[in-house]
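Heads up, the thing below is written out as structure tokens.
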């Protein structure tokens, strides 16, 4: 998922200031866009972590922020929503078999030791409603897709409409006072 931020100004005095000092305005715009994108990333990761009970550090590692610069006045926030492998989280075995992690039960999951000595949480593939007797096995993942897309979109739009104009205005006034 990639979400882009854009700036929209409605104030006439602000437009006039943009015409008078375009270089300062561009610097302030880049600052406001990058700061807003950073805030959106933090808020989105925290909300998704609370919703899925996956640690913040795991979700944060699956996001990337492409910052704005003078040529491209837009920032991109990219989040991988394919699913988080269960073995990256703290998981525990269940009495009747299976594994539980992040508040989700996987009744047919088991721990398998790979050739390199790593222990992964795997599950036999289901074909036609029946589990395959032995092989192939697949890594168990906690799905993120519907929640991640909704949360990231909400946070980006919320902060782009509320925080970004205020950040821009404050930084632009500061730069005008200092002259750089």
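In the working numbering, the protein residues as written are -4 to 175.
We put the beta carbon where it would ideally sit given N, CA and C, even for glycine.
For residue 49, the secondary structure class from DSSP, reduced to helix, strand or coil, is coil.
Going by C-alpha positions, residue 108 is about 18 Å away from residue 101. Residue 14 and residue 168 have their C-alpha atoms some 14 Å from each other. Counting of Cβ neighbours within 10 angstroms places residue 118 among the buried residues, the total reaching 16 or more. Taking the C-beta atoms as reference points, residue 72 is found nearer than 8 Å to residue 151. For residue 165, the uninterrupted alpha helix (DSSP H) run begins and ends at 140 to 173, by DSSP.
By the Cβ criterion, the stretch 153 to 169 is not in contact with the stretch 42 to 62, since fewer than three pairs of Cβ atoms, one from each stretch, lie closer than 8 Å. By the beta-carbon neighbour count (other beta carbons within 10 angstroms, threshold 16), residue 36 is buried. Restricting attention to 134, 153, 130, the CA atom closest to the CA of residue 113 is found in 134.
Excluding the 5 residues flanking it on each side, residue 57 has same chain C-beta neighbours closer than 6 Å at 75, in chain order.
For residue 79 and residue 116, the gap between their C-alpha atoms comes out near 12 Å. DSSP places residue 136 in the strand class (E or B) of the three-state scheme. Taking a 10 Å sphere around the C-beta of residue 32, we find 16 or more other C-beta atoms and assign the residue as buried.
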